[in-house]
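Scroll down for the structure; my scribbles are underneath it.
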Amino acid sequence: MVVGTPARLTVLSGPSGVGKGTVVAEVRRRHPDVWVSVSVTTRRPRPGEQDGVHYHFVDDAEFDRLIAHDGLLEWAEYAGNRYGTPVGPLHERLATGAPALLEIELQGARQVRKRAPEAQLVFLAPPSWAALVSRLAGRGSEPTAVQERRLALAQAELDASGEFDVVVVNDDVARAADELVGLLTVPSPGLVPGE
Ligand code: ADP
Ligand code: 5GP
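Offset between the sequence shown (1-based) and the working numbering: plus 542.
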């Protein structure tokens, strides 16, 4: 029996505005060694977002090329833009035996479940619907119409939380970050001594 094998690939998902980026940034602040995949997207950068740091910002032609060349582990269209996980850097990271974290939306998490069933799927949930609405509005990064589009998707995403291995409630950033760090290093289910 394999003992103490770490859950090597963890996927963090959850509705827009729940605080995924904030919690992941807190995890990295405390543990700079935690590796987080940098996605490609056709979305325009928000103020302060840096190419190659927050995302690789690409045009539609480049995104098509990545799909055609099997360059993405998964990809999805979300609220009018496309997002995907570059497969090369992720495989390089996993080949070293070290954990990796993806922060992606629901359709992508489902694709990862199919392609890498050993991955650990974590859902970040808001403490309440009202908190989600106020966080998305409070971030102020999208016009109201885009916020409404994201909230309509959020309801379906919340309904899918049961598909995930673990639900972490983002009531408090530091507490949620602690819980996520714990999950990144927990042995995979079925690989625990005595099971
Ligand atoms: P996501 O990446 O899931 O779209 P963000 O990380 O951008 O969400 O967070 C959306 C907004 O909610 C931000 O303004 C952020 O500061 C705020 N936020 C995140 N976590 C919390 C929390 N636990 N309590 C209160 N506000 C939060
Ligand atoms: P945002 O535009 O707010 O940065 O991201 C919108 C949504 O896309 C978020 O739910 C985010 O988790 C998701 N996302 C970011 N990168 C990826 C990715 O590589 N693949 C998928 N499927 N979703 C992603």
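Glycine included, each C-beta is placed from N, C-alpha and C at the ideal position.
Report the three-state DSSP secondary structure of residue i (helix, strand or coil).
i, result
"D701", "helix"
"E591", "coil"
"T583", "strand"
"H596", "coil"
"V578", "strand"
"E647", "coil"
"E619", "strand"
"H738", "With the chain covering only 543 through 737, there is no way to say anything about residue 738."
"V565", "helix"
"V560", "coil"
"A661", "coil"
"E684", "coil"
"D601", "coil"
"L733", "Caution applies to L733, whose pLDDT of 45 falls short of 50 and renders its modelled position unreliable; the value that the coordinates give is listed next. Three-state result, L733: coil."
What are the partner residues of residue i, as DSSP defines its beta bridges?
i, result
"V710", "L666"
"P628", "L614"
"A642", "L551"
Do residue i and residue j have their C-beta atoms within less than 8 Å of each other?
i, j, result
"L632", "S579", "yes"
"L722", "V569", "yes"
"S514", "L678", "With the chain covering only 543 through 737, there is no way to say anything about residue 514."
"S703", "I646", "no"
"G613", "V629", "yes"
"T583", "D602", "no"
"L608", "G626", "yes"
"L693", "V711", "no"
"R624", "F605", "yes"
"A651", "L663", "yes"
"V688", "A621", "yes"
"A658", "L725", "no"
At which residues does the alpha helix (DSSP H) containing residue i begin and terminate?
i, result
"S676", "W671 to R681"
"D720", "V715 to L726"
I want to check one thing, is the minimum distance from the CB of residue i to the heavy atoms of ligand 4 below 7 Å?
i, result
"G622", "In the structure on display, ligand 4 does not appear, and the ligands it does have are ligand 1 and ligand 2."
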